[in-house]
Ligand SMILES: Cc1cc2nc3c(=O)[nH]c(=O)nc-3n(C[C@H](O)[C@H](O)[C@H](O)COP(=O)(O)OP(=O)(O)OC[C@H]3O[C@@H](n4cnc5c(N)ncnc54)[C@H](O)[C@@H]3O)c2cc1C
Ligand code: FES
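Residue numbers (my numbering), protein chains in the order written: chain C, 1 to 528; chain H, 1 to 107.
Here's what the structure looks like:
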């Protein structure tokens, strides 16, 4: 039997953060993961994270993963890969399968950070090859560079569905539609807007009737449902797709904790009953990350640190005062992330109609994934402003403020409450550096110049697709709904290291389109 | 189902060398160290196995080793999760029938 001060199960964001923190507090720590690569879900997440600087906002998930791994190595954490933890035995012993042999490890504390697995939903034909989890799609395309399908129907409008839907487009797949049985889009409006402006239709209050095909998915039929979740006859629509992606929620993987005999409760899945440090009903056995309740990667990282602090106290590495001090610091950071329209308390609510600032929320954004100009006008004043300036189309209270930090000229204000809606300060002068456009994880900031002469305006927007448009090229300017508006000419394409793979493209459009044109597609000649 | 050659965010996918393997006796190419399932997908293979009772086709579902939908007979070993089994040169990958055969008759 081998011994560590603390054994951590799962090398995702929670587990790695816990291991680093524990090691820093003087504990000899080991983290075990059944995969051949550490990082859990992080390495599949190629989008920029929300939050603020302290939450590593604006950095892409896989970059955060690399940083965590590097740090774990530097502080001396033992990372065991291809190591399946098979059981937890009292008091603090685990059995691990490595290389087809089984080893026992003992520790003074154990932290379980096994993450979550995807839920699924049955419908006629759901077992056909081609019906896959959204996580499977992310794994195939972002880790292994293989497209999960050519033409895809995404089911589920939570953040996972929205983010993976966009990543499918980035991988060069076609997304036929995004559907959800709920009447409102469940994830961030800014994530939905990225898809909508690419022309992806949203079908809310719709679900799959059946998937059909000879040995694989070839055709999928959806239909609208009524309040009792019954199909409404005559509303069926059929798509010729080869893949259905399910993003219908996650469920904690708490089997090991249950096996150990922890007290559990039901909260969207079976979760352990924990104190504020993540300590379960069994002393010295902690849980952090998705296994203790589904959230997202940023909060999983903080949760991991908190459980390490708890474990360090339990094993006598820090005293009570030190524990409380650290807890206060980390829980404040967590508190900031847990605010806003999509916080736990507000989950599933459909009665919220105003932002914290008292502005009417866009109802079209909840239904179709984009805002109407009328709705946007309540948030941004534009027409009177001269010269280039940011138009911030971030209209829901979400915990995120990289835009504020990105502007060295102080043009953008969010304030201490990071879930506040950002505002452009008209008294400050925008220098058109475009940092805000590239930094916004929701890709919701545009630089607009209402008058560049000859009856034209310019609109700069973030662009994360291949190939990049070229200066001088002509195509169609698209509206927020992804529909063709007018001819646009590309007048600038800026990429640089600080933009981190997000290009900022500027197009010239007729003046009256300055508040309508938000995206671009290259005109494909008719004979191609 | 092709491979992604240009991606706006991911500069390169770290892949091993190109190797040959067989799927039901047919030679295919993949990259060493990628999951067998990824190599099959890149070659357009959708069906990994047929179920025991109703002989229904199954393919990749979770791609992270949880659901066991993707199991096949790999180098003679039945019930191998191809989404977490890494490709090696010359691997013999076969469609699985039922609980472990390469044909129903043999079960
Ligand atoms: C498919 C999917 C997509 C997601 N997309 C996003 C997103 O785009 N943005 C976002 O913010 N959040 C996303 N999330 C949520 C986010 O990834 C998680 O909240 C976060 O990764 C949780 O971190 P974790 O460390 O708790 O778990 P994970 O990252 O899941 O890590 C858990 C690790 O434990 C390992 N493990 C489990 N059981 C064992 C065992 N018995 N023995 C050894 N190892 C084990 C797992 O293999 C895994 O590596 C997604 C989650 C999933 C499942
Ligand atoms: S696809 Fe689920 S185990 Fe392989």
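In this text, a Cβ means the ideal position worked out from N, Cα and C, and glycines have one as well.
- In chain C, which residues lie less than 9 Å from residue 7 of chain H when you measure between Cβ atoms? For residue 7 of chain H, the neighbours in chain C by C-beta distance under 9 Å run, in chain order, 46, 141, 142, 145, 170, 171, 172 and 466.
- Task: Determine which residues of the region 17 to 41 of chain H have a Cβ less than 9 Å from any Cβ of chain C, and write them out in chain order.
- Result: Listed by position along the chain: 31, 33, 34, 35, 37, 38, 39 and 41.
- Message: Using a Cβ-Cβ cutoff of 7 Å, what residues of the region 39 to 62 of chain H are near chain C? List them in chain order.
- Response: Taking 7 Å as the upper bound on Cβ-Cβ separation, chain C lies near residues 41, 42, 46, 47, 56, 57, 58, 59, 60, 61 and 62 of the region 39 to 62 of chain H.
- Since I believe residue 217 of chain C is in contact with residue 155 of chain C (beta carbons under 8 Å), could you give me their beta-carbon distance rounded to a whole number of angstroms? No, residue 155 of chain C and residue 217 of chain C are not in contact; Cβ-Cβ is about 12 Å, not under 8 Å.
- Do residue 463 of chain C and residue 505 of chain C have their CB atoms nearer than 7 Å? For residue 463 of chain C and residue 505 of chain C, yes; Cβs fall inside 7 Å.
- Query: Going along chain H, which residues have a C-beta under 7 Å from residue 127 of chain C?
  - Reply: Ordered by position in chain H, the residues that pass the 7 Å Cβ test against residue 127 of chain C are 56 and 58.
- Kindly say whether residue 66 of chain H, judged by its beta-carbon, lies nearer than 7 Å to any beta-carbon of chain C. For residue 66 of chain H, at least one C-beta of chain C is nearer than 7 Å to its own C-beta.
- Query: In whole angstroms, what is the alpha-carbon distance linking residue 107 of chain H and residue 99 of chain H?
  - Reply: Here the model assigns residue 107 of chain H a pLDDT of 44, short of 50, so the residue's position is not dependable, and the following value carries that caveat. Their backbone Cα atoms lie some 8 Å apart in a straight line.
- In the region 267 to 339 of chain C, which residue ranges form an unbroken beta strand (DSSP E) of at least 3 residues, counting only runs that do not cross its ends? Here the runs fully enclosed are 270 to 272 and 285 to 287.
- Would residue 397 of chain C be called buried (16 or more neighbouring beta carbons within 10 Å of its own) or exposed? Buried.
- Kindly list, in the order they appear in chain H, the residues whose Cβ is closer than 7 Å to that of residue 501 of chain C. Chain H residues near residue 501 of chain C: 8 and 9.
- Taking a cut of 9 Å between CB atoms, which residues from the region 67 to 89 of chain H lie near chain C? For chain C, the residues of the region 67 to 89 of chain H that bring a beta carbon within less than 9 Å of one of its beta carbons are 67, 69, 83, 84 and 86, in chain order.
- Leaving out the 5 sequence neighbours to the left and right, which residues in its chain are closer than 8 Å to residue 391 of chain C when beta-carbon positions are compared? Cβ within range, chain order: 380, 382, 424, 445, 446, 447, 448 and 515.
- State the Cα-Cα distance for the pair residue 528 of chain C and residue 465 of chain C, rounded to the nearest angstrom. Note that residue 528 of chain C scores 41 on pLDDT, short of 50, meaning its location in the model is unreliable; the coordinates nonetheless yield the value given after this. Residue 528 of chain C and residue 465 of chain C: Cα-Cα distance of roughly 20 Å.
- Item | residue 2 of chain H: contacting residues in chain C (beta-carbon distance under 7 Å) | Correct list: 147.
- Query: Is it the case that the CB of residue 296 of chain C approaches a heavy atom of ligand 1 more closely than 6 Å?
  - Reply: Checking every heavy atom of ligand 1 against the Cβ of residue 296 of chain C, one is found closer than 6 Å.
- Take residue 435 of chain C as the anchor and find which of C:297, C:404 and C:426 has the nearest alpha-carbon. It is C:404.
- Query: Rounded to the nearest angstrom, how far is the Cβ of residue 302 of chain C from that of residue 327 of chain C, given a contact under 8 Å?
  - Reply: Not a contact, Cβ separation roughly 11 Å.
- Task: Would you kindly work out how many angstroms separate the C-alpha atoms of residue 225 of chain C and residue 159 of chain C, rounded to a whole number?
- Result: Across the structure, residue 225 of chain C and residue 159 of chain C are spaced so that their CA atoms are roughly 22 Å apart.
- Query: In the structure shown, what three-state DSSP assignment does residue 140 of chain C receive?
  - Reply: Three-state result, residue 140 of chain C: helix.
- Thinking C-beta only, is residue 10 of chain C closer than 7 Å to residue 114 of chain C? Against a cut-off of 7 Å, the Cβ pair of residue 10 of chain C and residue 114 of chain C comes out as a contact.
- Would you mind sorting residue 353 of chain C into buried or exposed? The rule is 16 or more other CB atoms within 10 Å of its CB. Exposed, by the Cβ-count rule.
- Taking only the alpha-carbon atoms, compute the straight-line gap between residue 253 of chain C and residue 408 of chain C and give it to the nearest angstrom. Residue 253 of chain C and residue 408 of chain C: Cα-Cα distance of roughly 43 Å.
- Considering only the beta carbon of each residue, do residue 190 of chain C and residue 442 of chain C sit closer than 7 Å? Against a cut-off of 7 Å, the Cβ pair of residue 442 of chain C and residue 190 of chain C comes out as a contact.
- Query: Nearest-angstrom Cα distance between residue 11 of chain H and residue 142 of chain C?
  - Reply: Put simply, the backbone Cα of residue 11 of chain H is about 11 Å away from that of residue 142 of chain C.
- Message: Please list, in chain order, the chain H residues whose beta carbon lies closer than 7 Å to that of residue 538 of chain C.
- Response: Any property of residue 538 of chain C remains undetermined from this structure, which presents chain C solely from 1 to 528.
- Message: Just checking: is the beta-carbon of residue 199 of chain C within a distance shorter than 7 Å of some beta-carbon in chain H?
- Response: Judged by the 7 Å Cβ criterion, residue 199 of chain C is not in contact with chain H.
- Message: For a quick check, are the C-beta atoms of residue 75 of chain C and residue 32 of chain C less than 7 Å apart?
- Response: A distance of 7 Å or more separates the beta carbons of residue 75 of chain C and residue 32 of chain C.
- Query: Who are residue 96 of chain H's beta bridge partners in DSSP?
  - Reply: DSSP lists H:49 as the beta-bridge partner residues of residue 96 of chain H.
- Contact test: residue 34 of chain C Cβ vs ligand 1 heavy atom, cutoff 6 Å: Relative to ligand 1, residue 34 of chain C has its C-beta within less than 6 Å of a heavy atom.
- Query: In this structure, does DSSP put residue 486 of chain C in helix, strand or coil?
  - Reply: Residue 486 of chain C falls in the strand class under three-state DSSP.
- Which residues in the same chain have their Cβ closer than 8 Å to the Cβ of residue 42 of chain H, if we skip the five residues on either side of it in sequence? If we look at residue 42 of chain H and ignore the five residues flanking it on each side, its Cβ neighbours are 1, 2, 3 and 30.
- Message: I'd like the span of the beta strand (DSSP E) that includes residue 219 of chain C, first residue to last.
- Response: Judged by DSSP secondary structure, residue 219 of chain C falls within the beta strand (DSSP E) whose first and last residues are 219 to 224.
- Item | residue 39 of chain H beta carbon less than 7 Å from that of residue 60 of chain H | Not in contact: residue 60 of chain H and residue 39 of chain H (Cβ atoms no closer than 7 Å).
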